[in-house]
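Let me begin by presenting the structure, written as structure tokens, before commenting on it.
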Amino acid sequence: MIGVENLRYRYAKTFLAGEKWCVNNRGKLPIVRLAGVDCCFIICHDVRYPELVKLPAAMGAQICFFCSSESSLINEHKLSAYSAMPISRATENGIYLIMANTPANPIDMYSSGSSHGNSKIVDPDGNVIKETGFFGDHIISETVDLSKAKGIVAKRTYSEETILRDWFQKGCEFVVRI
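In this text, residue positions in the sequence shown follow numbering that gives the first Met the number 0: the first is 0, and each later residue adds one.
Structural data, given as structure tokens:
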């Protein structure tokens, strides 16, 4: 994560998807303050593990940045889940999720590194407010209303007297503010 002046933090994905060239993050889950906003981060396969967003959201993260290079368009059986998971991470926590995904290669759908695009900005209610298509490098931006990103659902898990509360509070000890 790069702030206005310098490198703020380096985050590695927590859950690998079979990669042999790297090791997974075994440190704490960071909340990094960028431009005055508390943010958390997930990379690629991490999106399948909701607690990686829920724990930082309960501790105040308002935006989750999600960088990915998922399977290509030829893996149609995976596309519904790829669409649903980022939306779920936003709505189940009541925060924004901003996803950057590698686009598909229209010339060679089987090429290494070809994904399926669909980078998006998802609001705390789970609505996709801006999204790219499958192909091409695009930059999307949107002004967001941070007063909507209160993390209410995640904070309920932390505070309400339920069977999960003690377990969840213990998990929140693995979150660190940078």
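Cβ atoms here follow ideal geometry from the backbone N, Cα and C, with glycine treated the same way.
None of the values given here were measured: they were computed from a predicted structure.
Cα-Cα separation between residue i and residue j, rounded to whole angstroms
| i | j | result |
| --- | --- | --- |
| residue 55 | residue 30 | 6 angstroms |
| residue 104 | residue 148 | 34 angstroms |
| residue 94 | residue 151 | 9 angstroms |
| residue 124 | residue 156 | 17 angstroms |
| residue 22 | residue 145 | 34 angstroms |
| residue 106 | residue 133 | 13 angstroms |
| residue 174 | residue 67 | 22 angstroms |
| residue 169 | residue 91 | 20 angstroms |
| residue 160 | residue 177 | 29 angstroms |
| residue 13 | residue 37 | 19 angstroms |
| residue 131 | residue 20 | 30 angstroms |
| residue 6 | residue 128 | 29 angstroms |
| residue 163 | residue 48 | 17 angstroms |
| residue 18 | residue 111 | 14 angstroms |
| residue 34 | residue 158 | 28 angstroms |
| residue 140 | residue 115 | 19 angstroms |
| residue 53 | residue 73 | 31 angstroms |
| residue 165 | residue 32 | 27 angstroms |
| residue 9 | residue 135 | 27 angstroms |
| residue 84 | residue 11 | 20 angstroms |
Which listed residue (the options) has its alpha carbon closest to that of residue i
| i | options | result |
| --- | --- | --- |
| residue 167 | 51, 90, 20 | 51 |
| residue 178 | 154, 136, 82 | Here the chain has residues from 0 to 177 only, and residue 178 is not among them. |
| residue 109 | 70, 33, 177 | 70 |
| residue 15 | 35, 32, 46 | 46 |
| residue 138 | 35, 33, 101, 18 | 101 |
| residue 143 | 136, 126, 135 | 126 |
Presumed contact (8 angstroms Cβ cut-off) between residue i and residue j, rounded CB distance
| i | j | result |
| --- | --- | --- |
| residue 97 | residue 65 | 7 angstroms |
| residue 113 | residue 99 | That belief does not hold up - the Cβ atoms of residue 113 and residue 99 are roughly 15 angstroms apart, past 8 angstroms. |
| residue 154 | residue 89 | So it is not a contact: roughly 15 angstroms between Cβ atoms. |
Any 3 or more C-beta pairs closer than 8 angstroms across the stretch 21 to 29 and the stretch 61 to 73: The stretch 21 to 29 vs the stretch 61 to 73: no contact.
The stretch 30 to 45 touching the stretch 72 to 82, judged by at least three CB pairs closer than 8 angstroms: With contact defined as three or more Cβ pairs closer than 8 angstroms, the stretch 30 to 45 and the stretch 72 to 82 are not in contact.
Those runs of the alpha helix (DSSP H) which lie wholly inside the stretch 30 to 97 and span at least 4 residues: You should have 50 to 57, 78 to 90.
In chain order, each alpha helix (DSSP H) run of at least 4 residues that lies wholly inside the stretch 88 to 164: For the stretch 88 to 164, whole alpha helix (DSSP H) runs of length 4 or above, ordered along the chain, are 151 to 158.
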